[in-house]
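Written out below as structure tokens is the structure these notes cover.
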Amino acid sequence: MPSAKRILLVDDDKMLRTSLAEQLAAEGAYSIVEAGSCEEARALARESLYEFIVLDVGLPDGDGRVLCRWLRDSGVTAPVILLTASDSDADMIEGLESGANDYVTKPFRFAVLMARVHAHLRSHSQNEDAVYRIGPYTFRPSAKILIDKSEKKIRLTEKETNILKFLYRSGETVPREMLLHEVWGYNPAVTTHTLETHIYRLRQKIEINPGQARILITESGGYRLMP
């Protein structure tokens, strides 16, 4: 089963926020973290990495567009959808120029919001500048590094980066042969032993106890990343 994607949901309307959180959680693919103000959102963004952000424009302690700009300036690359009661073109342009990926006017249908969330997540997953969360690490594929909670950088080879990237994007167990072909291409000279050697070296870098893997696990004839 794919690991849950973390969504930061920022809205001061507790009833709406709770309703959205419940509906998102019901889909089974999302882990929801809620905030009701700019201050709360900033604190949560400093503490953790999110795969998606839903952000209300009208917050009690500031403008959501200013918060969006702060998130981008802080290095957050996750897709952001702004929620607003205004449908004016000027407000929409200002919202998009603040760094948001999309703009949804209240009231809205949940199905429409989710369709946009899914579309932006698909697009973001193909972005080489995207930043992901893998276990206790921040994964930056473009830089070929993992960063732990103490800001220590773990350097990765190109093949190690591609293995982690494909496993993350898959979100489920990937058979050895499939992973081998995705990372090395259809090269008859490359065997599953090559893949197993790279998996062994990756575990030496990222696991506390490589002999009992908890992040990059072997499962059903293949490999999977744990959330």
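In my numbering, each residue's number is its place in the sequence shown (first place is 1) plus 15.
Just so you know, even glycine gets a beta-carbon here, dropped at the ideal spot from N, CA and C.
Next on the checklist: If the criterion is Cβ atoms closer than 9 angstroms, does the pair Arg87 and Gly110 meet it?
Outcome noted: In the sequence shown, the residue the question calls residue 87 occupies position 72. In the sequence shown, the residue the question calls residue 110 occupies position 95. Taking 9 angstroms as the Cβ cut-off, Arg87 and Gly110 do not qualify as a contacting pair.
Checklist entry - Nearest CA to the CA of Tyr147: which residue from Arg184, Ile108 and Asp76? => result As a working mapping, residue 147 is identified with position 132 in the sequence shown. Nearest C-alpha to Tyr147: Arg184.
Checklist entry - Taking the alpha-carbon positions, what's the Ala60 to Gly186 distance? => result The residue given as residue 60 occupies position 45 in the sequence shown. The residue given as residue 186 occupies position 171 in the sequence shown. Approximately 23 angstroms between the Cα atoms of the pair.
Checklist entry - For the region 172-180 against the region 209-218, are there 3 or more C-beta pairs whose distance is under 8 angstroms? => result Using a C-beta cut-off of 8 angstroms, the region 172-180 makes contact with the region 209-218, since at least three inter-stretch Cβ pairs fall below that distance.
Checklist entry - Under a Cβ-count criterion, where at least 16 other Cβ atoms within 10 Å of its own Cβ denotes burial, should Ile223 be classed as buried or exposed? => result What you label residue 223 is simply residue 208 of the sequence shown in a count that begins at 1. Exposed, because fewer than 16 other Cβ atoms sit within 10 Å of the Cβ of Ile223.
Item to check | Cβ neighbours of Arg80 in the same chain (closer than 8 angstroms, five flanking residues each side left out) | outcome: Within the sequence shown, numbered from 1, the residue matching residue 80 stands at position 65. Once the five neighbours on either side are set aside, the close Cβ partners of Arg80 are Val72, Leu97, Glu109, Gly110, Ser113 and Ala115.
Checklist entry - Taking Ala41 as the reference, which of Lys20, Ile232 and Asp26 has the closest Cα? => result Within the sequence shown, residue 41 is the residue found at index 26, counting from 1. Nearest to Ala41 by C-alpha distance, out of Lys20, Ile232 and Asp26, is Lys20.
Next on the checklist: Counting C-beta neighbours from all protein chains within 10 Å, is the total for Val198 16 or more, i.e. buried, or is it exposed?
Outcome noted: To locate residue 198, count along the sequence shown from 1; it is residue 183. Classification for Val198: buried.
Item to check | Tyr215 in three-state terms, based on DSSP | outcome: Reading the sequence shown from its first residue, position 200 is the one you call residue 215. It is helical.
Item to check | Cβ shell of Gly51 (< 6 angstroms), same chain only, five flanking positions each side left out | outcome: Translated into positions along the sequence shown, residue 51 becomes position 36. Taken in chain order, the residues that qualify are Asp27.
Item to check | Beta-carbon spacing of Ile68, Leu161 below 9 angstroms | outcome: Here the question's residue 68 lines up with position 53 in the sequence shown. Here the question's residue 161 lines up with position 146 in the sequence shown. At a Cβ-Cβ threshold of 9 angstroms, Ile68 and Leu161 do not count as neighbours.
Next on the checklist: Comparing C-alpha positions only, which one of Asp117, Val127, Tyr201 and Ala100 sits nearest to Cys83?
Outcome noted: Working through the sequence shown from its first residue, we reach residue 83 at position 68. Ranked by how close their Cα comes to the Cα of Cys83, the residues Asp117, Val127, Tyr201 and Ala100 have Asp117 in first place.
Checklist entry - Sorted by chain position, which residues of the same chain lie with C-beta nearer than 8 angstroms to Phe125's C-beta, five sequence neighbours on each side aside? => result The sequence position of residue 125 within the sequence shown is 110, counting from 1. Hits under 8 angstroms: Leu35 and Gln38.
Item to check | Status (buried if at least 16 other CB within 10 Å, exposed otherwise) for Tyr238 | outcome: Translated into the one-based positions of the sequence shown, residue 238 becomes position 223. Burial call: buried.
Checklist entry - What beta strand (DSSP E) runs, 3 residues minimum, are completely inside the region 44-91? => result Complete beta strand (DSSP E) runs here, min 3: 45-50 and 67-71.
Checklist entry - Residues in its own chain within less than 7 angstroms of Gly236 by CB, not counting five upstream and five downstream? => result If you number the sequence shown from 1, residue 236 lands on position 221. Taking Gly236 as the centre and dropping the five residues before and after it, the same chain places the C-beta of Pro190 and Arg191 closer than 7 angstroms to its C-beta, in chain order.
Item to check | Buried versus exposed, by CB contacts within 10 Å (16 or more), Glu62 | outcome: The residue labelled residue 62 in the question sits at position 47 within the sequence shown. Looking at its Cβ environment, which holds fewer than 16 other Cβ atoms inside 10 Å, Glu62 is exposed.
Next on the checklist: I'd like to confirm the pairing. Which residues does DSSP put opposite Thr153 in its beta bridges?
Outcome noted: One-based indexing of the sequence shown puts residue 153 at position 138. Thr153 pairs with Arg148 and Ile162.
Checklist entry - Taking the runs of the alpha helix (DSSP H) that are 4 residues or longer, which of them lie wholly in the region 93-134? => result Within the region 93-134, the runs of alpha helix (DSSP H) at least 4 residues long that lie entirely inside it are, in chain order, 104-112.
Item to check | Straight-line gap, Ala58 to Pro203 (C-alpha atoms, nearest Å) | outcome: In the sequence shown, residue 58 corresponds to position 43, counting from 1. In the sequence shown, residue 203 corresponds to position 188, counting from 1. Rounded to the nearest angstrom, the two C-alpha atoms are 51 angstroms apart.
Checklist entry - For His139, which residues from the same chain have a beta carbon less than 6 angstroms from its beta carbon, with the 5 sequence-adjacent residues on both sides left out? => result Looking up residue 139 in the sequence shown gives position 124. Excluding residues within five positions, the ones whose Cβ falls inside 6 angstroms are Pro94 and Ala145.
Checklist entry - Going straight from the alpha carbon of Met16 to that of Glu54, what length do you get? => result In the sequence shown, the residue the question calls residue 16 occupies position 1. In the sequence shown, the residue the question calls residue 54 occupies position 39. Residue confidence for Met16 is low, a pLDDT of 42 falling below 50, so the modelled location carries little weight; the figure read from the coordinates is stated next. One C-alpha to the other measures close to 34 angstroms.
Next on the checklist: If I measure Cβ to Cβ from Gln227 and keep anything under 6 angstroms in the same chain, skipping five residues before and after, which residues do I get?
Outcome noted: Translated into the one-based positions of the sequence shown, residue 227 becomes position 212. None.
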